[in-house]
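Colleague: Handing you a structure now.
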Amino acid sequence: MNLHTTEQVTFVRQRTVSYPAIPTALLLAIVLFVFARSATHFMDDAYIGFRCIDQALSGNGFYFQPSDPVESVTNIGWLLLLLPFSALASPLIVSKILGGLCILLVIGLLHRIIADLNSPSDRRILSVFVPLLAVTQIDFLYYSLSGLETGLLAAMLLYSVRISRSPDRSTLLGIMCGLMYLVRPETILLYPLFVLLRLTKARSMMRGIIAFGLIVLCVTLLRVWYFDSPFPNTFTAKSTSLSRVTANLFSAMIGKNTNLPFPLDHLLAIPFLIVGVQRLFRFDKPQAAFVLAILTVGFAFSVYASQDWTLTARYFAPYLPVAMLVLVLGICRVLEKISHASATLKSTGKPIINAALSILTLTLIIHGAARMSDHYSRHYPGYVMQSANLVAPAMWINDHLPVDATIATRRIGVVAYFGDRAIFDYKYGLPHRDIAELIRENGRTLNDPTDKALAEIWRQTAPEYFLEDTMIVDGLKSTGAIADNVLTIHGSAYAPIKSFPIGQNTDWTLWQRTSNPATTPK
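Quick note on numbering that gives the first Met the number 0: the sequence shown kicks off at 0 and runs consecutively.
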C-alpha cells in the first residue's frame with residue numbers, strides 16, 4: 000500500500016466527531032434567541048433589495064425604481080435566490096427563513112470540515128468552540144437574519160473550503176467561486192488568489208479556471224446588457240482612494256477599524272491566525288490555500304471599504320466562520336506549545352485552552368446581548384439597523400403623500416418599500432447613476448443636502464419632500480440652512496409637516512416643499 004492510500008485509510012477512520020450536548024444546546028439556544036429577538040428586524044439596506052424584488056415581480060424590471068435602471072445593490076445573487084420564493088410570500092419572510100437555514104448549514108459545514116481534519120487531538124475542542132464562536136459573533140448571526148446575504152455567502156465559502164481539498168472537484172469549485180461573485184463582488188478575487196497560491200498545480204485546475212472565467216464573463220455581459228454597466232452602481236457610489244485605504248489600514252493596526260470584528264480587530268489576533276493557517280497547511284495544502292485566500296479577501300475588503308455606517312463588521316461577517324476556525328486552531332497550537340514548554344503547565348494544556356476559549360465565547364455572548372438590547376435599538380445606528388421603528392412612518396407616507404411624490408432622504412430602503420414613492424438618495428446615490436458619478440468625482444459621500452456639488456441635480460430632480468432624522472436636521476440648523484422653521488435647499492423652501500419618533504431623542508421629520516401647495520398631504 001502506498002503512502003497516499005495509507006493516509007486515506009487513516010483519514011476515513013478518524014472522521015467521527017462527537018457533539019457534546021451542553022455546547023450544542025447552547026449553540027442552538029443562541030440561534031433561536033437571536034432569531035426570535037430579531038423577528039421584525041431587517042437592515043434598511045435589505046429593503047433596497049426587497050424593493051428591487053417587488054419591482055421585478057410587478058413587471059417593472061429588477062430596479063429600485065424604473066426611472067433609474069441601474070444595479071443599486073451589491074448582493075444580486077442573494078436577491079435572485081429570494082425572487083421565486085417571494086412570488087409566494089413576502090421577501091421579508093422568505094429572507095428570514097432562508098437566513099436561518101443558512102446558519103444551520105454553516106454549523107453543519109463547520110462540523111464536517113472539522114471532522115475532515117487529520118488531527119484527533121484538535122477535533123474535540125474545535126467541534127465545541129468553532130461553531131460556538133461563529134454563532135456568538137453577533138455580526139455573523141444578526142446580518143444573516145436581517146435580510147442580507149451574509150449567511151448564504153458564509154455557507155458558500157465553507158462548502159468551497161470542503162471541496163477545495165479534492166482535485167476532482169476543480170470544476171465545481173470554479174463554478175462556486177463564480178456564483179459567489181454574484182452574491183458579493185469582492186469575492187471575484189478568491190479563485191485567482193487560490194490559483195496563485197497553488198500555481199504549481201495550476202494545470203490540474205484548468206477546468207475550474209475555465210468554469211470560473213466563463214461565469215464571470217457571462218455575469219459581466221448580462222450586467223452590461225441589463226444595467227448598462229459591468230459593475231453594480233455601488234462600485235461607483237462607494238469608491239475609495241489610496242489615502243482612505245491607508246487610513247483604514249492604520250485604524251486596523253490600532254484596533255479602531257470597525258469593519259473588523261472583535262477579536263480580529265487587534266494585532267494580537269494576527270499571530271494566532273498565522274499559526275492556524277500553518278496548521279491547516281500541515282493537514283491539507285489545497286484546503287489551507289483556499290482558507291488563506293478567503294481570509295486575505297475578507298481582510299483586504301474590510302481595509303479597502305470605507306468604514307460602514309453601521310459601525311459594525313458587516314462587510315467581514317460572511318468570512319467570520321472561516322476566520323473562527325483558523326483562530327481556534329491557532330489558539331490551540333500556541334497554548335499547547337506554551338504549556339509543553341513549561342514543566343509547571345505541561346499537564347494543564349487542555350484546561351488552559353478550554354478556559355481561554357470559554358472566556359472568549361462568554362465575551363462575545365455579552366457583546367451580542369448588548370447589541371440586541373432595547374437600549375441599543377433606541378440609539379443610532381441601532382434604530383436604522385433594526386428598522387422596526389421606521390416602518391410606521393413609511394406606511395404613513397404611503398397613506399398620505401401623492402403617488403407621484405419624490406422624497407429626498409438618506410434612509411431609502413424602508414421608505415421606498417413601504418412608502419412606495421420615488422426616492423432621491425442624495426447621500427450615496429445607490430439608485431442614481433448621476434449621483435454616484437458625482438460622489439466619485441468629489442471623492443466623498445454627500446452628507447449635507449445643501450452641498451454645492453448637489454445643486455444642479457437637486458434643482459433638476461426637485462423633490463417635493465425631504466425626510467431626515469434629528470442628527471441631520473440639527474446640522475442644518477447649525478449651518479443656517481434652517482431659519483424661522485424654514486429649510487432652504489438650493490433655492491427651494493421646505494416647511495416641516497410631520498415628525499415621527501424613531502429612537503431615543505431622535506425623530507424623523509418630513510418637510511414639504513412650500514412652492515407646490517398641491518402636494519399637501521391628505
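Note that CB positions come from ideal geometry on N, CA and C, so glycine has one too.
Under DSSP, the alpha helix (DSSP H) around T295 begins and ends at which residues?
Modeller: What you label residue 295 is simply residue 296 of the sequence shown in a count that begins at 1. Start and end: K284 to Y303.
Colleague: Among P262, L361 and L389, which residue has its Cα nearest to the Cα of P376?
Modeller: Here residue 376 refers to the residue found at position 377 of the sequence shown. In the sequence under discussion, the amino acid at residue 376 is Ser, which differs from the Pro named in the question. Measuring from the Cα of S376, the nearest candidate turns out to be L389.
Colleague: So is V223 buried or exposed if we call it buried at 16+ other beta carbons inside 10 Å?
Modeller: Within the sequence shown, residue 223 is the residue found at index 224, counting from 1. Classification of V223: exposed, given that the 10 Å Cβ count is below 16.
Colleague: Can you tell which of L189, I293 and Y314 has its C-alpha closest to the C-alpha of Y303?
Modeller: Here residue 303 refers to the residue found at position 304 of the sequence shown. The option with the nearest alpha carbon to Y303 is Y314.
Colleague: When you compare each of C217, P191, I411 and L216 to M205 by their alpha carbons, which one comes out closest?
Modeller: For the purposes of this step, residue 205 is taken as residue 206 along the sequence shown, with counting starting at 1. Closest by alpha carbon: P191.
Colleague: Note down, one range per segment and in chain order, each alpha helix (DSSP H) of at least 4 residues found wholly within the region 451 to 493.
Modeller: With a minimum length of 4 residues, the continuous alpha helix (DSSP H) runs that stay inside the region 451 to 493 are 454 to 460 and 469 to 478.
Colleague: Rounded to whole angstroms, how far is the Cβ of P495 from the Cβ of T508, which I believe are closer than 8 Å?
Modeller: Stepping through the sequence shown from its first residue, residue 495 is reached at position 496. Stepping through the sequence shown from its first residue, residue 508 is reached at position 509. P495 to T508, Cβ: 5 Å. Contact.
Colleague: Tell me which same chain residues have a C-beta within less than 6 Å of the C-beta of P448, skipping the five on either side of it?
Modeller: As a working mapping, residue 448 is identified with position 449 in the sequence shown. The residues are Y425 and I488.
Colleague: Among residues of its own chain, excluding the 5 on either side of I434, which ones have a beta-carbon nearer than 6 Å to its beta-carbon?
Modeller: Reading the sequence shown from its first residue, position 435 is the one you call residue 434. The answer, listed in chain order, is G428.
Colleague: In whole angstroms, give me the CA-to-CA distance for P68 and L87.
Modeller: On the sequence shown, position 69 is the one that residue 68 refers to. On the sequence shown, position 88 is the one that residue 87 refers to. Taking the straight line joining both Cα atoms gives about 25 Å.
Colleague: Taking the alpha-carbon positions, what's the F32 to V218 distance?
Modeller: Reading the sequence shown from its first residue, position 33 is the one you call residue 32. Reading the sequence shown from its first residue, position 219 is the one you call residue 218. Those two C-alpha atoms are separated by around 38 Å.
Colleague: Do C51 and L80 have their C-beta atoms closer together than 8 Å?
Modeller: Here residue 51 refers to the residue found at position 52 when the sequence shown is read from its first residue. Here residue 80 refers to the residue found at position 81 when the sequence shown is read from its first residue. No, the pair does not count as a contact, with Cβ atoms beyond the cut-off.
Colleague: Tell me the residue span of the alpha helix (DSSP H) that contains A45.
Modeller: For the purposes of this step, residue 45 is taken as the residue at position 46 of the sequence shown. Element bounds for A45: D43 to L56.
Colleague: According to DSSP, I422 sits in a beta bridge with which residue or residues?
Modeller: Counted from its first residue, the sequence shown places residue 422 at position 423. Paired residues: I406.
Colleague: Helix, strand or coil, according to DSSP, for V134 in the structure here?
Modeller: Walking along the sequence shown from the start, residue 134 turns up at place 135. Of the three classes helix, strand and coil, the one that applies to V134 here is helix, per DSSP.
Colleague: Secondary structure at D115, three-state DSSP: helix, strand or coil?
Modeller: Start at 1 with the first residue of the sequence shown, and residue 115 comes out as number 116. Helix at D115.
Colleague: Could you round the C-beta distance between T170 and G207 to whole angstroms and report it? I think they count as a contact, below 8 Å.
Modeller: As a first step, residue 170 must be located in the sequence shown, where it is residue number 171. As a first step, residue 207 must be located in the sequence shown, where it is residue number 208. Indeed they touch by this definition, with Cβ atoms about 5 Å apart.
Colleague: Nearest CA to the CA of E185: which residue from V402, V276, T73 and G107?
Modeller: Position 186 of the sequence shown, counted from the start, is the residue given in the question as residue 185. Ranking the options by Cα distance to E185, first place goes to T73.
Colleague: Grouping DSSP H, G and I as helix and E and B as strand, with all else coil, what is T362?
Modeller: Within the sequence shown, residue 362 is the residue found at index 363, counting from 1. Correct three-state label for T362: helix.
Colleague: Can you tell me whether DSSP reads R202 as helix, strand or coil?
Modeller: The residue labelled residue 202 in the question sits at position 203 within the sequence shown. Three-state DSSP puts R202 in a helix.
Colleague: Shortest alpha-carbon distance to P430 belongs to which of V93, T478 and I411?
Modeller: Indexing the sequence shown from 1 puts residue 430 at position 431. Out of V93, T478 and I411, I411 has the C-alpha closest to the C-alpha of P430.
Colleague: Using a Cβ-Cβ cutoff of less than 7 Å, which residues in the same chain neighbour V244 once the five nearest sequence positions on both sides are dropped?
Modeller: For this step, residue 244 is matched to residue 245 along the sequence shown. Here the set comprises V302 and Y303.
Colleague: Touching or not, the region 29 to 46 and the region 135 to 155, by the rule of three or more beta carbon pairs under 8 Å?
Modeller: Yes, the region 29 to 46 touches the region 135 to 155.
Colleague: Give the DSSP bridge partners of R36, in chain order.
Modeller: The count along the sequence shown starts at 1 and reaches residue 36 at position 37. Paired residues: none, contrary to the question.
Colleague: Does the Cβ-Cβ distance between V321 and V290 come in under 8 Å?
Modeller: Start at 1 with the first residue of the sequence shown, and residue 321 comes out as number 322. Start at 1 with the first residue of the sequence shown, and residue 290 comes out as number 291. Their beta carbons are under 8 Å apart, which means V321 touches V290 by this criterion.
Colleague: Leaving out five residues before and five after Q306 in sequence, what residues of the same chain have Cβ atoms less than 8 Å from its Cβ?
Modeller: Position 307 of the sequence shown, counting from 1, holds the residue named residue 306. Hits under 8 Å: N247, S250, N256, T257 and N258.
Colleague: Taking buried to mean at least 16 other C-beta atoms within 10 Å of its own C-beta, is K451 buried or exposed?
Modeller: Position 452 of the sequence shown, counted from the start, is the residue given in the question as residue 451. K451 is exposed by the Cβ-count criterion.
Colleague: State the Cα-Cα distance for the pair D468 and T505, rounded to the nearest angstrom.
Modeller: As a working mapping, residue 468 is identified with position 469 in the sequence shown. As a working mapping, residue 505 is identified with position 506 in the sequence shown. If you take the alpha carbons of D468 and T505, they lie about 7 Å apart.
Colleague: Taking the CB atoms as reference points, tell me whether T235 and E436 lie closer together than 8 Å.
Modeller: Here the question's residue 235 lines up with position 236 in the sequence shown. Here the question's residue 436 lines up with position 437 in the sequence shown. Contact: yes.
Colleague: Do M371 and T309 have their C-beta atoms closer together than 8 Å?
Modeller: Numbered from its first residue, the sequence shown carries residue 371 at position 372. Numbered from its first residue, the sequence shown carries residue 309 at position 310. No.
Colleague: Straight-line CA distance for R278 to V182?
Modeller: Position 279 of the sequence shown, counted from the start, is the residue given in the question as residue 278. Position 183 of the sequence shown, counted from the start, is the residue given in the question as residue 182. Their backbone Cα atoms lie some 30 Å apart in a straight line.
Colleague: Helix, strand or coil: how does DSSP classify R512 here?
Modeller: Walking along the sequence shown from the start, residue 512 turns up at place 513. It is a strand residue.
Colleague: R443: which of F34, K237 and V160 sits nearest, CA to CA?
Modeller: Against the sequence shown, residue 443 aligns to sequence position 444. Checked all of F34, K237 and V160; the closest Cα to R443 is K237.
Colleague: With 16 as the cutoff for other CB atoms within 10 Å, does Q503 come out buried or exposed?
Modeller: Taking the sequence shown and counting its residues from 1, one reaches residue 503 at position 504. Q503 should be labelled exposed.
Colleague: In chain order, what residues of the same chain have a beta carbon less than 6 Å from the beta carbon of G98, not counting five sequence neighbours either side?
Modeller: Taking the first residue of the sequence shown as position 1, residue 98 is located at position 99. So the qualifying residues of the chain are S143, L144 and G150.
Colleague: Count the C-beta pairs between the region 151 to 165 and the region 96 to 114 that are closer than 8 Å, then say yes if the count reaches three, no if not.
Modeller: Yes, they touch.
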